[in-house]
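Student:
Residue numbers (our numbering): 6 to 319.
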């Protein structure tokens, strides 16, 4: 199966889970106030387990001696993404500009990319470990940066967000691997953590689907013009600009693949949760998210098809 078909199936898989989230809230199988608990379960329990298990089980400093370069490439990506966000945010109306900018900048670099790489190369691929090392600082950055889009009262550094449980679990896993003591971690513990980690993406997608269901029930305003601008910029212009940059700098295939996927994925699935926490317009963020997700069924396979023309393989 070619990469275009794989990426299409990976995106369709995620959207399918979101549809179930939509339906279970529509049918009142899950109460509205339970969505917050499910999101906390995903972010504070399942995600740390997912990261810890993958690093402890698959990372080898001897096999990836230049692993430390991967987080530096994330810094490069983040800098360019910030520049593009600063340029394009002004196409949005002033009343929705904060949500527009935040949704452009905070991308779904872990879950979407993980699903696509797993489909491309399998769950045991070294590309999966490379992804986690590439994203090692992203959770801490994500949890600390999103309030900066909203109000002066949120602009102080929150060290709890920096040293969050995801970052701590990442560092702990790296220490275990560098100390070469991973064999002392009981297999039953890894099995439990693996099962908990496997809930991350389904839980988040169920929450997003449920949140969208609530929006439909409330019959809130549909921001069609803003949505169209957002999908054009986020799904097409961002990755095309990044592809142009990659053709200039010509990094290794692994780095190029990580960068192009990071640029092409929709906003992070937890964004509506974050928006609600800081008092933003949760409805429009949900609409940006849904539209970008649906658009990615076409845009990500298209971008990957263009990418493989210039980077045929590693």
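We put the beta carbon where it would ideally sit given N, CA and C, even for glycine. The model shown is predicted, which means the values in this text are computed figures rather than measured ones.
In the DSSP assignment, the alpha helix (DSSP H) including residue 67 goes from what residue to what residue?
Tutor: No alpha helix (DSSP H) contains residue 67, which DSSP labels as neither H nor E.
Student: Please report the distance separating the alpha-carbon of residue 171 from that of residue 142.
Tutor: Distance between the alpha carbons of residue 171 and residue 142 is about 9 Å.
Student: Using beta-carbon positions only, say whether residue 23 and residue 213 come within less than 8 Å of one another.
Tutor: Yes, they are a contact pair.
Student: For residue 272, list the residues DSSP reports as bridge partners.
Tutor: Per DSSP, 112.
Student: Judging by CA-CA distance, which residue of 270, 192 and 38 is the nearest neighbour of residue 121?
Tutor: The shortest Cα separation from residue 121 among 270, 192 and 38 belongs to 270.
Student: Determine the burial state of residue 30: buried for a count of at least 16 other Cβ atoms within 10 Å of its Cβ, exposed for fewer.
Tutor: Counting Cβ neighbours within 10 Å, residue 30 comes out buried, since at least 16 surround it.
Student: Quick one: which unbroken alpha helix (DSSP H) runs of 4-plus residues sit fully inside the region 140-220? Chain order, please.
Tutor: Complete alpha helix (DSSP H) runs here, min 4: 143-150, 164-167, 170-183 and 192-202.
Student: Look at the alpha carbon of residue 268 and the alpha carbon of residue 252, and state the distance between them as a whole number of angstroms.
Tutor: Using only the alpha carbons, I get a separation of about 14 Å.
Student: Just to confirm before moving on: does the CB-CB distance between residue 105 and residue 287 stay below 8 Å?
Tutor: Not in contact: residue 105 and residue 287 (Cβ atoms no closer than 8 Å).
Student: Measure the C-alpha to C-alpha separation of residue 305 and residue 278 and round it to an integer number of angstroms.
Tutor: Using only the alpha carbons, I get a separation of about 25 Å.
Student: Please go through the same chain and pick out, in chain order, the residues whose beta-carbon is closer than 7 Å to the beta-carbon of residue 82, but skip the five residues on each side of it.
Tutor: For residue 82, where only same-chain residues beyond five positions count, the Cβ hits under 7 Å are 264 and 267.
Student: Hey, quick one: how far does the alpha helix (DSSP H) through residue 283 stretch, first residue to last?
Tutor: First-last for residue 283: undefined, no H or E at that position.
Student: Considering only their Cβ atoms, is the gap separating residue 297 from residue 226 smaller than 8 Å?
Tutor: Contact: no.
Student: How about residue 26 and residue 211: are their beta carbons less than 8 Å apart?
Tutor: Yes. Within cutoff.
Student: Let me make sure I understand the geometry here. Which of 117, 311, 61 and 247 has the alpha-carbon closest to that of residue 87?
Tutor: When only C-alpha atoms are compared, the closest one is 247.
Student: Should residue 113 be labelled buried (16 or more other beta-carbon atoms within 10 Å of its own) or exposed?
Tutor: Buried: at least 16 other Cβ atoms inside 10 Å.
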